[in-house]
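A.B. asks: Got a structure for you, questions after.
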Amino acid sequence: MYRTQLLVEFVAIVAVICLFSTVIIGRSRLSILAEEFRPRSREFAPYFGVLLVVLALNSVLRDSAQEVSRIIGLNITNTIYSIEGEFVAVVQSFETEALTTYFSAVYMYGYAFLLVFPLLAYAALSERETLKRLVGAYSFNYFIGLILYIIFMAYGPRNFNDVVFTNLLYQTDAQYQMITTEVNDPANVFPSLHTSLSATVAIFAYKTREEYPYWLAIATVLAVSVIISTMYLGIHWATDVVFGIVLAGVCVYLADRYIGED
Amino acid sequence: MIGSDTTPRLSRRSLLAGAAGLSAAAAGCIGRVQTRVGRSQQTPLSVDITTLYADLDPFGIRIAQELRSKLEAVGFDAQLRLVDVRGFSEQVLLNHDFDIYVGQFPYPQPPDPDLLYPLFRSTFDGALGWQNPYGFTHLSSDQLLDSQRSTSGERRQQAVDELQELLARTQPFVPLVAPTHLSGVRTNSFEADSWNQRAPTRPHNLLKLNPTGDPGTLGLAVVDDRITGNRNPISADYKQGESLVDLLYDPLVLEENGDYIPWLAREYQWDETDDQLEVSITLREGLEWHDGEPLTAFDVYFTYEFLRDTSLGEAVRPIPSERFRGRISLVEAIHVQNSRELRIRFTNASQQVAKRALAVPILPAHIWETRTRIERPRNRSGETTVALTTANQEAVGSGPIQFDQEPGDDIVEFTRFDSHFLWRLRTQPDADDEADVDAANESVSNESTTQPNSTIAEADASESTVDDTEIPPEERFEPPPEAYDGPLPFERLTVFSVGSDTVAMELLRSGEADATIATLRPTEVGTIEADSDLDLIEHQSNAFYHLGFNTRREPLRNPNVRRLIAQVIDKSRLVEQYFDGYGRPIASPLAETEWLADSLRWDGSDPEVPFIGTDGVLDVERAREQFRDIGYQYTADNELISQIR
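Top line first, the protein sequences correspond to chains E and Z.
When we follow our numbering, the leftmost residue of the first sequence carries the number -1, and every step to the right adds one.
When we follow our numbering, the leftmost residue of the second sequence carries the number 8, and every step to the right adds one.
Here's what the structure looks like:
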């Protein structure tokens, strides 16, 4: 099946990028991680368990949530449009073939790498709290995101007006739509989870800048690229992005406040 | 006039009304009308524009945006409501919860004018589906719709002309653009000749394909989630005229480009006496449902009764099908003579129109008679039956393909139904060697007794089926209709339901799909032309884009307002700007047929509701002046407010 083939390809590419990036983690940390793999994974398991539950909830409820949203949700597309107007079209006016390739790649692979790599990097840290908080922050993102999706309905720029706002994803988009149903749901663009999760990772990268200085640089560049790509590709409004960043802040705060010991 | 408007519906508006303490259905309605009228004296007239979002239909949203900006320019408060296909069916077709919609005409084939009957006859106000969703009621229109049914030749043309002119004058809907439909097809799996400029969107065209090798799998990339998840042939559907569901259920005769091909009916004979029109129908021999049960004249009788009232008498008022009501209303009575013969008596109609009644899908009685239970689901305004709400996953029909499995949410697989009359002569094991010549002769003589106009007892019919098993199929069965008698096209049919035309193109490009069933943006043309294994099929479609008005609501109740709304849109400009020239502007729903009234031919501008302005630029002052002329007013901020009372 073509879809399975794409999925395998996608996972393989992200895995290879992660593998090369282990240079950032350093040999000594990796060997300690290998030694302590069992006790550490036992300690992290509940946090990952919660994340998996939230993800499962997300995928199970998404369809019915959209249904509920259609009935009780506030359609804020027009409000968003009246606030920001054609800002996204301005972002898109910088279109070049190279930029489109770059942002499409970042939107798919960069984003996946951004989310997966810190799990590995933080698992290798001697203190355990960062990983717990990061996984917790992911869970908050998905959970609050789901609730916001139910309350608000908003169509993305390219579905709202595909003449003013062009869909620049083309082939990448097609491949992406086939391996994930997330983008398929055009009534759920507020807020941008791509933005909030990327920003969450960037904030954590800042907190761990002492341990991983290079990761801060990489994560910042990637997160900013992902955030711009959501608008450049016509998927999200600037408003979605702003609220995505706010959501990231809230989730990091919640994770710091309620997860971990110090 | 009131119809379903008095019934509560699950919209935000009615929820708000409910929250305000107006719980009773009637109270909710009055409350809403009052708020609308009351509000309109202070605040601008507001209208919602419902349409599919861009991934599902890139053109509808463009027109809707154009309309919104023009309406705002003349002082309306216009809002867009973007929906998916199911949302469109629910809000517009089932609950009439809309002001204006932008959509495609549900019949992509050039229709017989009688198609307008259920759309605009006042008796269908309150009906569901594509049956007067406009709530249009007009005495002259009713008369003309009736008269085109009973007359023929010049007199019918005259009635049809007058009807078109009346619809153009009153504008219950605004025909805008007949698009050139673009499809991408793969020519290395099926011969380019057999695609032969036939739109793959028309399901029966798929049966005429020639595979380049042995018949294998035909893959289709469809942008429309209907076939996956829901295979109900009688429930309301946004794109009802071109659904693959048509390949699961067979009609008595197949409507094809104005021709009527005997399908389940082997033949039919007209009998016109004393203003009474009847038709005698003989079904093909040995018809079967996908589950192996025999298909008989009783199933045909059942279907027509069932479509009239899906509760089969259980409900106080009949709960008819959401489709085919115009056709069903042509049938007065059905008399089953034996398992293969029946007579249908028509109401006052010409043969030309009566034939349309024979083109509804025939349903298996043994399955649908258990679906009469009355229901009140939350997404419908009134009572309905299981028959209309079931997703009908298994879809047991008699059509040339049968449901096999649904391995995922968005994939559904069908197999060729080898017992179908199209295939059985070529797929069933050859009985030639064993056939006894005498038995064959005997049965041939036996068969001659089953010609129409002869009456045979049911016992005879059942006896002859026993004999039939020993006769070679080519002598036992009539050959299939000529147009469908080519090589076997495929063994399996796989449908991928995808989220946008972009994804459909990707599946085509990767070889997973052999054709796109989607509204392709003209930007995809380059992709198709660049690939030597792909062909572009351009097909002039009758599924024209139009605005539909809910004439039950203010201010759209007023034909003058509807005419002015029609005039803020420059149809020629739409074609150039948004369709890249793939389409033509139209002024009548019959523009793509030979029935088009001369007075409504496009001559550079709309003959009845010309654009107010030039080259797409609206003359705002002149438009406002015209709204003032019909009794509306403007506030100091140039907002349009309602007539003074």
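All C-beta atoms in this analysis are idealised placements derived from N, C-alpha and C, irrespective of residue type, glycine included.
Let me know the alpha helix (DSSP H) ranges lying completely inside the segment 483 to 569 of chain Z, each 4 residues or longer, listed in chain order.
C.D. replies: 508 to 517 and 532 to 537
A.B. asks: Apart from the five residues just before and just after Z:LEU607, which ones in its own chain have a Cβ nearer than 8 angstroms to its Cβ?
C.D. replies: Once the five neighbours on either side are set aside, the close Cβ partners of Z:LEU607 are GLN171, GLU172, ALA175, ALA594, SER595, ALA598, PRO614 and GLU615.
A.B. asks: Which stretch, first to last residue, makes up the alpha helix (DSSP H) that contains Z:ALA192?
C.D. replies: At residue 192 of chain Z the sequence reads Val, which differs from the Ala that was named. Taken as a continuous stretch (DSSP letters only), Z:VAL192 belongs to no alpha helix (DSSP H), being part of the beta strand (DSSP E) at 180 to 193.
A.B. asks: With DSSP collapsed to three states, give me the class of Z:VAL109.
C.D. replies: strand
A.B. asks: Kindly list, in the order they appear in chain Z, the residues whose Cβ is closer than 7 angstroms to that of E:TYR153.
C.D. replies: TYR60 and LEU89
A.B. asks: Would you list the one or two residues that DSSP bridges to Z:GLN412?
C.D. replies: Z:GLU420
A.B. asks: Looking only at its chain, what residues have a beta carbon closer than 6 angstroms to the beta carbon of E:THR2, apart from the 5 residues adjacent to it on each side?
C.D. replies: Answer for E:THR2: no residue qualifies.
A.B. asks: What three-state label does DSSP hand Z:TYR641 in the structure shown?
C.D. replies: strand
A.B. asks: For E:ARG156, go through chain Z and note every residue whose CB falls closer than 7 angstroms to its CB, in chain order.
C.D. replies: Under the 7 angstroms cutoff, chain Z gives ALA61.
A.B. asks: In the structure shown, what three-state DSSP assignment does E:THR213 receive?
C.D. replies: A small fix is needed here, since residue 213 of chain E is Trp in this sequence, not Thr. Helix at E:TRP213.
A.B. asks: Taking C-beta pairs closer than 7 angstroms, name the residues in chain E that Z:GLN400 reaches, listed in chain order.
C.D. replies: Simply none; closest approach about 17 angstroms.
A.B. asks: Please confirm if E:ASN159 has its CB atom under 8 angstroms from at least one CB of chain Z.
C.D. replies: yes
A.B. asks: Among Z:GLY555, Z:LEU227 and Z:THR187, which has the Cα closest to the Cα of Z:GLU513?
C.D. replies: Ranking the options by Cα distance to Z:GLU513, first place goes to Z:LEU227.
A.B. asks: Can you list, in chain order, the residues of its chain whose CB lies under 6 angstroms from that of Z:ALA402, leaving out five sequence neighbours each side?
C.D. replies: Around Z:ALA402: ARG238, LEU255 and PHE410.
A.B. asks: Between the alpha carbons of E:ASN182 and E:GLY154, how many angstroms are there, rounded?
C.D. replies: Reliability fails at E:ASN182, whose pLDDT of 49 lies under 50, so the model's placement of it is uncertain and no value is given.
A.B. asks: Can you tell me whether DSSP reads Z:SER159 as helix, strand or coil?
C.D. replies: In this structure, Z:SER159 counts as coil in the three-state DSSP scheme.
A.B. asks: Tell me, which residues are paired with Z:TYR275 by DSSP?
C.D. replies: Z:ILE288
A.B. asks: Between Z:GLN358 and the rest of its own chain, which residues show a CB-CB distance below 6 angstroms, the 5 nearest in sequence each way excluded?
C.D. replies: TRP277
A.B. asks: Under 8 angstroms Cβ to Cβ from E:VAL14, same chain only, skipping five residues before and after it: list those, please.
C.D. replies: none
A.B. asks: If contacts are defined as beta-carbon pairs under 8 angstroms, then Z:PRO207 and Z:SER190 qualify, I think. What distance do you get, rounded to the angstrom?
C.D. replies: About 5 angstroms separates the two Cβ atoms, so the contact holds.
A.B. asks: Could you give the C-beta distance for Z:PRO617 and Z:GLN574, rounded to a whole number, given that I count them as a contact under 8 angstroms?
C.D. replies: 7 angstroms
A.B. asks: What does E:ASN186 touch in chain Z if you count any residue whose Cβ is under 7 angstroms from its own?
C.D. replies: Simply none; closest approach about 12 angstroms.
A.B. asks: Which term fits E:ILE145, buried or exposed, when burial requires 16 or more other beta carbons within 10 angstroms of its beta carbon?
C.D. replies: exposed
A.B. asks: Give me the subset of the segment 404 to 428 of chain Z whose CB atoms are less than 7 angstroms from a CB atom of chain E, sorted by chain position.
C.D. replies: Of all residues in the segment 404 to 428 of chain Z, none comes within less than 7 angstroms of chain E when Cβ atoms are compared.
A.B. asks: Give me the residue from Z:PRO140, Z:PHE66 and Z:ILE572 with the minimum Cα distance to Z:SER588.
C.D. replies: In the sequence on display, residue 588 of chain Z carries Gly and not Ser. Cα-wise, what sits closest to Z:GLY588 is Z:PHE66.
A.B. asks: Unbroken alpha helix (DSSP H) runs of length 4 or more, entirely within the segment 70 to 118 of chain Z: which are they?
C.D. replies: Runs of the alpha helix (DSSP H) inside the segment 70 to 118 of chain Z: 92 to 95.
A.B. asks: Using three-state DSSP, classify Z:ARG352 as helix, strand or coil.
C.D. replies: strand
A.B. asks: Please list, in chain order, the residues of the segment 71 to 101 of chain E that have any C-beta partner in chain Z closer than 8 angstroms.
C.D. replies: ASN73, THR75 and ASN76
A.B. asks: If you reduce the DSSP assignment to three classes, tell me which class Z:VAL360 lands in.
C.D. replies: helix
A.B. asks: Looking only at its chain, what residues have a beta carbon closer than 8 angstroms to the beta carbon of Z:LEU183, apart from the 5 residues adjacent to it on each side?
C.D. replies: ILE70, PHE551, TYR552, HIS553, LEU554, ILE576, LYS578, LEU581, PRO592 and ILE593
A.B. asks: Pull up the distance between the alpha-carbon of Z:LEU290 and that of Z:ASN139, whole angstroms please.
C.D. replies: 33 angstroms
A.B. asks: Classify E:GLY134: buried if its beta carbon has 16 or more other beta carbons within 10 angstroms, exposed otherwise.
C.D. replies: buried
A.B. asks: If you run the structure through DSSP and keep just helix, strand and coil, what is Z:TYR141?
C.D. replies: coil
A.B. asks: Just verifying my parser: in three-state terms, what is the DSSP assignment at Z:ARG631?
C.D. replies: helix
A.B. asks: Have a look at Z:GLY265 and Z:PRO118 and give me their C-alpha separation to the nearest angstrom.
C.D. replies: Between Z:GLY265 and Z:PRO118, the C-alpha separation is close to 7 angstroms.
A.B. asks: Using 8 angstroms as the cut-off, can you tell me whether the segment 105 to 113 of chain E makes contact with the segment 238 to 253 of chain E, which would need three or more C-beta pairs spanning the two stretches below that distance?
C.D. replies: no
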